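Here's the structure we're looking at; comments come further down.
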Amino acid sequence: MRKLTLSDRFLPHQYIRIETEIGIKIPHNIKDFISEYADLSVKENKFINKNGKLFEISQFITYRMMYDYIKEFKEEGLGKKLPFAIDHGGWVFCISFDEKSMDKILLYQMEMEWKTKDDAFEFVANSFEEFINGLQEETSITDPNQ
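Counting with our numbering, you get residues -2 to 143 for the letters of the sequence shown.
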């Protein structure tokens, strides 16, 4: 059977709208990744950070979800974050474009009580590349206690 051509998941005008809304320029390697994986799930969906904490991606998000979260962050005064994936509980993985946490991957812990707005985000990884390169399938994750 023939293979069909997938439609673009992100269009150039959508990136322009997101960049304008946040006030940032998204690096090309991140645009390329988002364009390829938006609205998809992958088998390599587990990430263990340097503190040994496990994070799990449910799926990479769509343009509409990304834009809605960006607007929410702006309205709530939560800084310049680019959301790109969600976990199984609906929490959002973001790339920070804020000066004090530039390029870090943070997990937006919505619907929790925070003492400060900084508490809304949990540190996950030092960079997008570290996060993506560190994703593993569940079968390849080893128990650090063994």
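All residues carry an ideal CB built from backbone N, CA and C; glycine is no exception. Treat the numbers as computed from the prediction; the structure is a model and nothing was measured.
- Note on geometry: alpha-carbon atoms of D95 and V39 lie some 28 Å from one another.
- Separation of the CB atoms of Q56 and I92 is rounded to 17 Å, and the pair is thereby denied contact status at 8 Å.
- Take the alpha-carbon of H25 and the one of M(-2): they are about 34 Å apart.
- Membership of K71 in the alpha helix (DSSP H) is indicated by the continuous run Y60 to E73.
- Counting other Cβ atoms within 10 Å of its Cβ, M99 stays below 16 and is therefore classed as exposed.
- Taking a 10 Å sphere around the C-beta of G74, we find fewer than 16 other C-beta atoms and assign the residue as exposed.
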